[in-house]
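Enquirer:
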Amino acid sequence: MSRLEAKKPPLFISEPLTKDAVCQSLLLLSRIFKSSYGPAGRLKQLHNGVGGCVCTTSQSSALLRHLSVRDPVLRVLTASVQNHVSRFSDCGLFTAILCCSLIENFRSLNVAPCTVIKITRHLLSSCMDYLKSEACGCRVSVDFSSVETLVCLTNAVLGKCVIVPVKGRRVMDSTVLPGLLIETPEIQLGKPLAIKRTGSNMIKIALFCVSMSGDSFSPEEGTIAVRHGISLEMSELNQLLNVGKQLVNDGVGLVVCQKVIHPSLKQYLKENHVMAVDRAGLSLMEPLSRMTGSKPIASIHSLSPGCYGSLKDVSIERVASKHFVHLIPEDTVICSLILCNRSETAWDELKRVCETAEHVLQLTMKEPLALLGGGCTETHLASYIRYKSSSLSTSTFQDLGCSQTQYQLVADGFCRSLESVARSLNRDGGEILTDLVYGHCWFVPSGLPSVSNWSDVVSKCGCGINGNTEDLSWRILEGQSCSPVIQGCPKEPSVKVTDFVTLDCFAAKCSGLQVALETANLVLDLSYIIEDQN
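In our numbering, the protein residues as written are 45 to 578.
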């Protein structure tokens, strides 16, 4: 008889943020995020200690998925950021860096966590009110009216882009095609496609999400009683051929099946000028249905005339060594991005970038606003909060249950956290400035000595919207308190179409700001951690 091990009591950890191990882990996690941030972010290679695949990335979605985080406090942080990324795809590193900085700055204050939380929620409310107001100096409107090609690709219903992987080719070989591509290794290039068409020269399509291989009965599903002399396989094949006859009679020109089509049914359809494509896969069912208007057929025993869809044309495409059937719709609601890259690792990273860009574009189409990038929104917002918090009435402090000194301490920690995100963009060791007129972020090239007139060494701010064309006052961005911003950015900056301006997704960044602050508040409020040791 085996010995029974005594049950261990749960482990109680009080005030986790005062523990050195937690603080060191938080600092390390913050460094990983900061060094991956921005256009000059460094790649990370992630792999577990027992082998397996190696992930090379600088993107938050992949970093968070592959990082092994054991500490319960840090798991709260990473789970919050992952949830944000799953909803918005963008600003994951911004959220993570800001959250780490907020925790680090707030935990060192001699202010009770409950008071910090009340003040930060008031600060967050001020930020969101400002960002959503017409007076906001770091927000710009996005005009899609002059980008006709872009509007055609996304459409009014915010169409879907399906990525087709092609590895071993140059990135510049990537292209976008209207409609969908289905890989068909057995198809022969060069042969003309004889496909039945309707009277309006369209192709009627039937979409099956059930197997048409003739072996739909599985032993795991139970026992089937069959009369003596009757072949179950022949019965199933006859039913499939009856479906084929109905498809031919209904004028269908293309049959697409998620799973396998029986060779005899394929041959029958081919003889009647109906093209059959099988093994399309589950991932293509939704975009196929959406693009063609067809309803996926889930049974071979009942077909409704209303389940069919339509296509404009069908062709054969060859990309590298792969052959595809190209389904061309009447309206470009769905498109296929043939994405090429030399290696598996590089392709995976490029795919994540494209998926994020597509999602951000969809979010921006829904809400045509953007925030200034390159660190300018963070420094501008910090300047605004410092200006705003310096002119609050006594009644505000009474309502929050705090002193003016406590409010200023928390507000300064909040602003320094925002500025730490901007400082994370600097990779070459040069100084980072902010101007005292617009509150924008300016990067000084490395190797230059400190000078009294910074106007001689900077040309454009981080977002690119402001040039060094006027007499500006500066301060070095080092995380210390500073003078308030004198005025906001121009409401409608005069930027030419040819100018390059760095922008961030409005919806994603606003969400990231809220998630970072609420998560920091949650972590600060943790008094005990109880871990089961069994």
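For glycine and all other residues, C-beta sits at the position ideal for the given N, C-alpha and C. None of the values given here were measured: they were computed from a predicted structure.
In the DSSP assignment, what residue or residues form a beta bridge with Tyr572?
Expert: As a first step, residue 572 must be located in the sequence shown, where it is residue number 528. Its beta-bridge partners are Ser58.
Enquirer: Exposed or buried, Lys248, counting other C-beta atoms within 10 Å across all chains shown (16 or more means buried)?
Expert: For the purposes of this step, residue 248 is identified with residue 204 of the sequence shown, where counting begins at 1. With 16 or more other Cβ atoms within 10 Å, it is buried.
Enquirer: Mind checking which residues open and close the alpha helix (DSSP H) that includes Asp79?
Expert: Along the sequence shown, read from residue 1 onward, the residue named residue 79 stands at position 35. Here the sequence assigns Ser to residue 79, which means Asp is not the residue at that position. Run containing Ser79: 64–79, per the alpha helix (DSSP H) assignment.
Enquirer: Whose CA, out of Phe56, His306, Leu570, Gln290, lies closest to the CA of Met278?
Expert: Taking the first residue of the sequence shown as position 1, residue 278 is located at position 234. Looking at Phe56, His306, Leu570, Gln290, the one whose alpha-carbon comes closest to that of Met278 is His306.
Enquirer: Should Ala200 be labelled buried (16 or more other beta-carbon atoms within 10 Å of its own) or exposed?
Expert: As a working mapping, residue 200 is identified with position 156 in the sequence shown. Residue placement at Ala200 is poorly supported in this model, since its pLDDT is 41, which falls under 50; the coordinates still yield a value, given next. By the neighbour-count rule (16 or more Cβ atoms within 10 Å), Ala200 is not buried but exposed.
Enquirer: Going by DSSP, what residue range makes up the beta strand (DSSP E) through Cys171?
Expert: Along the sequence shown, one-based indexing puts residue 171 at 127. Premise fails: Cys171 lies in the alpha helix (DSSP H), 157–175, not in any beta strand (DSSP E).
Enquirer: So does the stretch 432–446 actually touch the stretch 157–164, counting three or more Cβ pairs closer than 8 Å?
Expert: yes
Enquirer: What did DSSP end up calling Ala320 once you bin it into helix, strand or coil?
Expert: In the sequence shown, counting from the first residue as 1, residue 320 sits at position 276. Residue state, collapsed to three classes: strand.
Enquirer: Identify whether Val304 lies in helix, strand or coil by the three-state DSSP scheme.
Expert: As a first step, residue 304 must be located in the sequence shown, where it is residue number 260. Assigned with DSSP and collapsed to three states, Val304 falls in coil, not helix or strand.
Enquirer: Just the C-alpha distance for Gly288 and His317, rounded to the nearest angstrom, thanks.
Expert: By one-based count along the sequence shown, residue 288 stands at place 244. By one-based count along the sequence shown, residue 317 stands at place 273. Going by the C-alpha atoms only, they are around 12 Å apart.
Enquirer: For Arg386, is the classification buried or exposed, using 16 other Cβ atoms within 10 angstroms of its Cβ as the cut-off for buried?
Expert: For the purposes of this step, residue 386 is identified with residue 342 of the sequence shown, where counting begins at 1. Exposed, since its Cβ has fewer than 16 Cβ neighbours within 10 Å.
Enquirer: Could you check which residue in Gln406, Lys303, Thr421, Phe150 has the C-alpha nearest to that of Leu561?
Expert: What you label residue 561 is simply residue 517 of the sequence shown in a count that begins at 1. Closest option to Leu561, judged by alpha-carbon separation, among Gln406, Lys303, Thr421, Phe150: Phe150.
Enquirer: Which residues bound the alpha helix (DSSP H) around Trp391?
Expert: On the sequence shown, residue 391 is found 347 positions in, with the first residue counted as 1. Start and end: 388–410.
Enquirer: Measuring only the C-alpha atoms, how far is Thr389 from His403?
Expert: Locating residue 389 in the sequence shown gives position 345, counting from the first residue. Locating residue 403 in the sequence shown gives position 359, counting from the first residue. It is roughly 22 Å from the alpha-carbon of Thr389 to the alpha-carbon of His403.
Enquirer: Give the straight-line distance between the Cα atoms of Ser79 and Leu107, rounded to the nearest whole angstrom.
Expert: Indexing the sequence shown from 1 puts residue 79 at position 35. Indexing the sequence shown from 1 puts residue 107 at position 63. Their Cα atoms are separated by approximately 12 Å.
Enquirer: So what's Asn188 in DSSP terms, helix, strand or just coil?
Expert: Counted from its first residue, the sequence shown places residue 188 at position 144. The sequence given here places Phe at residue 188; Asn does not occur at that position. Note: Phe188 maps to coil in three-state DSSP.
Enquirer: Please give me, in chain order, every unbroken run of the alpha helix (DSSP H) with length at least 4 that falls completely inside the stretch 220–245.
Expert: Contiguous alpha helix (DSSP H) elements confined to the stretch 220–245 do not occur, taking only those with 4 or more residues.
Enquirer: Figure out for me which residue from Glu148, Thr546, Arg131, Met216 has the closest Cα to the Cα of Lys504.
Expert: For this step, residue 504 is matched to residue 460 along the sequence shown. Answer by Cα proximity: Thr546.
Enquirer: Excluding five sequence neighbours on each side, which residues of the same chain lie with their C-beta closer than 8 Å to the C-beta of Val304?
Expert: Stepping through the sequence shown from its first residue, residue 304 is reached at position 260. Once the five neighbours on either side are set aside, the close Cβ partners of Val304 are Ser255, Met256, Ser257, Asp322, Arg323.
Enquirer: Applying the criterion that 16 or more other CB atoms from any shown protein chain within 10 Å of the CB defines a buried residue, is Asn578 buried or exposed?
Expert: The residue you call residue 578 lines up with position 534 of the sequence shown. An exposed status is given to Asn578, since fewer than 16 other beta-carbon atoms sit within 10 Å of its beta-carbon.
Enquirer: So, using beta-carbon positions, are Leu415 and Asp548 closer together than 8 Å?
Expert: For the purposes of this step, residue 415 is taken as the residue at position 371 of the sequence shown. For the purposes of this step, residue 548 is taken as the residue at position 504 of the sequence shown. Taking 8 Å as the Cβ cut-off, Leu415 and Asp548 qualify as a contacting pair.
Enquirer: Counting pairs of Cβ atoms below 8 Å between the stretch 467–480 and the stretch 170–179, do you hit three or more?
Expert: Contact between the stretch 467–480 and the stretch 170–179 is absent, because fewer than three Cβ pairs lie under 8 Å.
Enquirer: Using a Cβ-Cβ cutoff of less than 8 Å, which residues in the same chain neighbour Ile231 once the five nearest sequence positions on both sides are dropped?
Expert: Taking the first residue of the sequence shown as position 1, residue 231 is located at position 187. Within the same chain, Ile231 has close Cβ partners Ile360, His367, Val369.
Enquirer: DSSP three-state label for Gln552, please.
Expert: By 1-based counting over the sequence shown, the position of residue 552 is 508. Before going further, note that residue 552 is Ala rather than Gln in the sequence given. Helix, per DSSP.
Enquirer: Give me the Cβ distance between Leu413 and Ile341, rounded to the nearest whole Å; I'm assuming they're in contact under 8 Å.
Expert: One-based indexing of the sequence shown puts residue 413 at position 369. One-based indexing of the sequence shown puts residue 341 at position 297. Between Ile341 and Leu413 the Cβ distance is about 42 Å, and since that is not below 8 Å, they are no contact.
Enquirer: Taking just the CA atoms, how far does Asp569 sit from Ile57?
Expert: Mapped onto the sequence shown, residue 57 falls at position 13. Mapped onto the sequence shown, residue 569 falls at position 525. Counting only the Cα atoms, Asp569 lies some 14 Å from Ile57.
Enquirer: Determine the DSSP secondary structure at Gln577, reduced to helix, strand or coil.
Expert: In the sequence shown, the residue the question calls residue 577 occupies position 533. If DSSP states are grouped into helix, strand and coil, Gln577 belongs with coil.
Enquirer: Hey, how far is the Cα of Ile573 from the Cα of Thr513?
Expert: One-based indexing of the sequence shown puts residue 573 at position 529. One-based indexing of the sequence shown puts residue 513 at position 469. So the two alpha carbons sit approximately 55 Å from each other.
Enquirer: Just the Cα atoms here: how many angstroms apart are Thr219 and Pro229?
Expert: Looking up residue 219 in the sequence shown gives position 175. Looking up residue 229 in the sequence shown gives position 185. The alpha-carbon atoms of Thr219 and Pro229 are separated by roughly 21 Å.
Enquirer: Taking the DSSP output, what are the residues bridged to Asp579?
Expert: For the chain, the structure presents residues 45 to 578; residue 579 sits outside this window and is missing.
Enquirer: Report the rounded CA-to-CA distance for Met335 versus Leu557, giving the unit in angstroms.
Expert: Residue numbering aside, residue 335 sits at position 291 when the sequence shown is read from its first letter. Residue numbering aside, residue 557 sits at position 513 when the sequence shown is read from its first letter. Approximately 36 Å between the Cα atoms of the pair.
Enquirer: What does the Cβ neighbour count give for Asn497, buried or exposed, with the cut at 16 atoms within 10 Å?
Expert: For the purposes of this step, residue 497 is taken as residue 453 along the sequence shown, with counting starting at 1. Classification of Asn497: exposed, given that the 10 Å Cβ count is below 16.
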